[in-house]
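Q: Before we start, here is the structure in question, set down as structure tokens.
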């Protein structure tokens with residue numbers, strides 16, 4: 013975690029005016045002007061003592077380099093748990109207090125290395141959710157909340173042949189409901205089954221076609 017605050021008081025020299033060590037973090041204040049809260053690991057890579065005269069610009073550059081390395085390691089560990097989108101990684105790092113500059117650098121590095129790929133994530137998500145009998149609208153909403161753009165979502169649905177696959181999944185799901193309504197009026201059975209499919213996120217057209225193929 014790293015936080016940098018501008019305190020607004022400028023001294024003649026760049027001096028470490030405060031150094032406070034906590035359990036997991038270290039608070040550094042430079043010339044009563046800049047206040048930073050960094051992890052002990054980052055501090056040990058860039059050690060200073062209270063009262064030290066430093067080159068502020070050089071020290072901040074060194075800190076940023078260490079922070080980028082630390083943030084990159086955290087991001088990779090998040091991705092190791094499960095696939096993530098660019099937005100998800102950005103939000104995780106933001107929660108840890110990293111600056112926008114550090115986050116942007118880390119996300120770009122991960123994209124360059126192929127560890128972050130929203131296009132691939134979207135296609136895998138569509139396939140997975142289809143296997144769970146989840147419809148288009150719900151899939152689109154889920155991907156949008158993960159920061160996937162509309163164009164990438166559309167391309168992912170097309171790449172996975174969504175309409176054909178969704179119809180198969182909808183029919184499989186509808187079969188379970190139609191059995192429940194075997195002794196019910198056909199129109200009521202159709203209506204209730206279509207409602208169930210649409211609650212799962214299938215479009216009206218897919219739900220209607222799936223039900224009609226099974227009942228007619």
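In this note's numbering, the protein residues as written are 13 to 228.
Every residue gets a Cβ at the ideal spot worked out from N, C-alpha and C, and that includes glycine.
Remember, it's a predicted structure, so these values are computed and weren't measured experimentally.
Find out if the Cβ-Cβ distance for the pair residue 76, residue 27 is shorter than 8 Å.
A: Going by C-beta atoms, residue 76 is not nearer than 8 Å to residue 27.
Q: Excluding the 5 residues preceding and the 5 following residue 130 in the sequence, name in chain order all residues of the same chain whose CB lies nearer than 7 Å to its CB.
A: 97, 98, 160 and 164.
Q: By the three-class DSSP mapping on this structure, what secondary structure does residue 51 have?
A: Here residue 51 sits in strand by DSSP.
Q: I want to know whether the stretch 134 to 142 touches the stretch 98 to 110 - three or more CB-CB distances under 8 Å.
A: Contact fails: fewer than three Cβ-Cβ distances are below 8 Å.
Q: Output the distance between the C-alpha atoms of residue 111 and residue 117, rounded to the nearest integer angstrom.
A: If I take the Cα positions, the gap works out to 10 Å.
Q: Between the beta-carbon of residue 175 and the beta-carbon of residue 142, is there less than 8 Å?
A: Their beta carbons are not under 8 Å apart, which means residue 175 does not touch residue 142 by this criterion.
Q: Hey, how far is the Cα of residue 220 from the Cα of residue 179?
A: Approximately 10 Å, taken between the alpha carbons.
Q: Under three-state DSSP, which class holds residue 41?
A: Note: residue 41 maps to strand in three-state DSSP.
Q: Just to confirm my understanding: we take residue 20, look at its own chain, exclude 5 residues before and 5 after, and list those with CB closer than 6 Å. What are they?
A: Residue placement at residue 20 cannot be trusted, given a pLDDT of 47 that sits under 50; the coordinates are not used to answer.
Q: Is the beta carbon of residue 225 closer than 8 Å to that of residue 183?
A: It is a contact, given that the beta carbons lie within the stated cut-off.
Q: Opposite residue 31 in the DSSP bridges: which residues?
A: According to DSSP, which records beta bridges pairwise, residue 31 is partnered with 40.
Q: Cβ atoms of residue 186 and residue 222: under 8 Å apart, would you say?
A: Cβ distance < 8 Å, so residue 222 and residue 186 count as in contact.
Q: Given this structure, state the Cα-to-Cα distance separating residue 90 from residue 105, to the nearest angstrom.
A: Their backbone Cα atoms lie some 10 Å apart in a straight line.
Q: Relative to the alpha-carbon of residue 209, which residue among 146, 192 and 199 has its alpha-carbon at the smallest distance?
A: The candidate whose alpha carbon is nearest that of residue 209 is 146.
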